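Heads up, the sequence shown is in my numbering, so the first residue is 633 and it goes up one at a time.
The block underneath contains the structure these notes are about, expressed in structure tokens.
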Amino acid sequence: MTGNTRVEELLVYRKFKDAKVFDNMVWVMENLDYDGSEQYGMDTLRGVYYDCISGLVEMAGSYGFEGNLWHNYLTYLLVNHENAFSTSCEIVGKVEGSIVDIARHDFEIFRGLYAFDLREIEKKTGITAMRCLMDYRNIDRSSKTFNKRIRDRICSLTLLLEQSGDVDEFMEHMIDFYKDFGVGKLGLHKAFRVERTDGGVEIVPIRNIAHVHLDDLVGYEIAKKKLIDNTEAFVSGRKANNCLLFGDAGTGKSSSIKGILNQYYERGLRVIEIYKHQFQELNDVIAQIKNRNYKFIIYMDDLSFEDFEIEYKYLKAVIEGGLEKKPDNVLIYATSNRRHLVREKFSDKEDRRDDLHSSDTVQEKLSLVNRFGVQIFFCAPDKKEFQNIVRVLAEKNGVALPEEELLLEANKWELSHGGLSGRTAQQFIDYLLGQM
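What follows is the structure, given as structure tokens:
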């Protein structure tokens, strides 16, 4: 490598996850002084370099990067690396203290990596493929990993870092990115699921999110306003409540959660989806997110319990019942077809004859739903409302049918496809689009 730049001297940015390309490229740079006296050594150098090129091309396909792929890759490593400096900047922006000097040291090393002339490798190895990767044009600019806005921001940050006149300017660009977008998977992705691995509970990004907006949900203006008001208070740092969306199937409860995520993502909202069998992982999940500068909704879809299931008792304790206060940056949103969540049967009344404190039994089953301070009802539309939903969706999707014929076919469809609901209306429109 050039000058006194030595990657092993990195301090806070020392280890990168899945950084094979980085390690290989640095190894190639550091071994360019090989004199070529042994053919085996040159073959090794070329082989490692080919692996680097292949890895960068694969990265471009996954992330949609263009321009200098090596520089894009370095930027990708920087914006994903969670450490004492980057997570502090995520919370307050520019910080003070010794950590700044340590980070400046690392950024000076990275400036050397950005400044390295890759044509030196071409001269040494005779491999000219890298010149294509220095001005790469992607056949598909879409990203399978990031939303387009983040992808474009990483590419823009790459250009700023390339053009930085000194290390302080380089650092300033990184601080601005961390403050505006955050760092690591929690900063660069919208939604997550929970997985149990050998290393413990891991929060895993969901890479393909439906681009649903609340305006796409026709009707339900009162319900949407309640949901927006509660979420607006939450992301603004004011007091907000856990929220239960309940009502008839196919009325847009889950779509509303997706719409809320898309509407408030840029203001720091993130959603973590968790299933009933994972409730035992909730404490671990909350421990990982409680000190981050984002607002997290823990989302439970289609939440309900049979009378023999006891997981709801654990959920109650996590929501409000434990000794540790629930973090201010975490709320629980759930959807359900049942308002009371825990199934009750008429036979329960017979059992109460043997229950000395039957009212206590009733309260035990109702206590979970009472922990949701905002309860929003989504009811099935009547005939007139259903037809209005069909009309609006047809207009949005460019379905050109006379209104009388459209509504006649919609009425036939709903009779054999689940009845009056927003979901049925959308399925009908999708059917028409498939016939066009």
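Here a beta-carbon is modelled for each residue, glycine too, at the ideal position from N, C-alpha and C.
Here the structure is a predicted model, which is why all the values come from computation and not from measurement.
Can you tell me which of the three DSSP states residue i falls into?
i                 : result
threonine 967     : strand
threonine 707     : helix
alanine 823       : strand
phenylalanine 742 : helix
valine 727        : coil
isoleucine 841    : coil
glycine 687       : helix
methionine 766    : coil
threonine 883     : coil
lysine 755        : helix
glutamine 920     : helix
glutamate 1017    : helix
glutamine 1007    : strand
phenylalanine 866 : helix
lysine 927        : strand
arginine 646      : coil
glutamate 834     : strand
Would you report the Cα separation of residue i and residue j, rounded to the nearest angstrom?
i                 : j                 : result
cysteine 684      : lysine 811        : 31 Å
tryptophan 702    : arginine 763      : 11 Å
valine 962        : isoleucine 1008   : 19 Å
alanine 872       : arginine 899      : 16 Å
leucine 1038      : asparagine 840    : 32 Å
phenylalanine 717 : threonine 863     : 30 Å
leucine 876       : leucine 643       : 46 Å
aspartate 798     : cysteine 721      : 20 Å
arginine 743      : phenylalanine 802 : 8 Å
serine 1057       : proline 1013      : It should be noted that the sequence gives alanine, not serine, for residue 1057. Taking the straight line joining both Cα atoms gives about 11 Å.
tyrosine 695      : lysine 1044       : 44 Å
valine 602        : lysine 1028       : As shown, the chain starts at 633 and ends at 1068. That puts residue 602 outside it, with no answer to give.
arginine 623      : cysteine 787      : Here the chain comprises residues numbered 633 to 1068, so residue 623 is not present and cannot be evaluated.
isoleucine 1061   : asparagine 704    : 41 Å
leucine 1073      : aspartate 933     : Absent from the structure is residue 1073, since the part of the chain shown begins at 633 and ends at 1068.
tyrosine 768      : glutamate 698     : 5 Å
Can you say whether residue i is buried or exposed, counting buried as having 16 or more other CB atoms within 10 angstroms of its CB?
i              : result
lysine 856     : buried
histidine 909  : exposed
alanine 823    : buried
aspartate 655  : exposed
glycine 879    : buried
glutamine 1067 : exposed
aspartate 848  : buried
leucine 1033   : exposed
glycine 1054   : buried
valine 836     : exposed
asparagine 894 : buried
Restricting to Cα atoms, I'd like to know which of the options is closest to residue i.
i              : options                          : result
aspartate 960  : Phe1018, Pro1013, Gly882, Asn874 : Asn874
leucine 710    : Gly851, Leu947, Asn1029, Lys817  : Lys817
glycine 1050   : Ala881, Phe928, Val950           : Ala881
isoleucine 838 : Ile860, Leu820, Val917, Tyr768   : Leu820
alanine 651    : Ser868, Asp847, His713, Thr1056  : His713
tyrosine 1063  : Pro1034, Ala1026, Glu1035        : Ala1026
threonine 967  : Leu859, Leu789, Phe866, Thr719   : Leu859
arginine 924   : Phe813, Arg970, Cys1011          : Phe813
isoleucine 929 : Glu754, Ile918, Asp749, His737   : Ile918
glycine 693    : Phe748, Thr707, Ile771           : Ile771
alanine 735    : Asp800, Lys756, Asp808           : Asp800
methionine 766 : Asn700, Lys922, Leu947           : Asn700
Quick test of the definition: if touching needs 3 or more C-beta pairs under 8 Å, does the region 909-918 touch the region 884-892?
no
Between the region 716-732 and the region 674-693, do three or more beta carbon pairs fall short of 8 Å?
no
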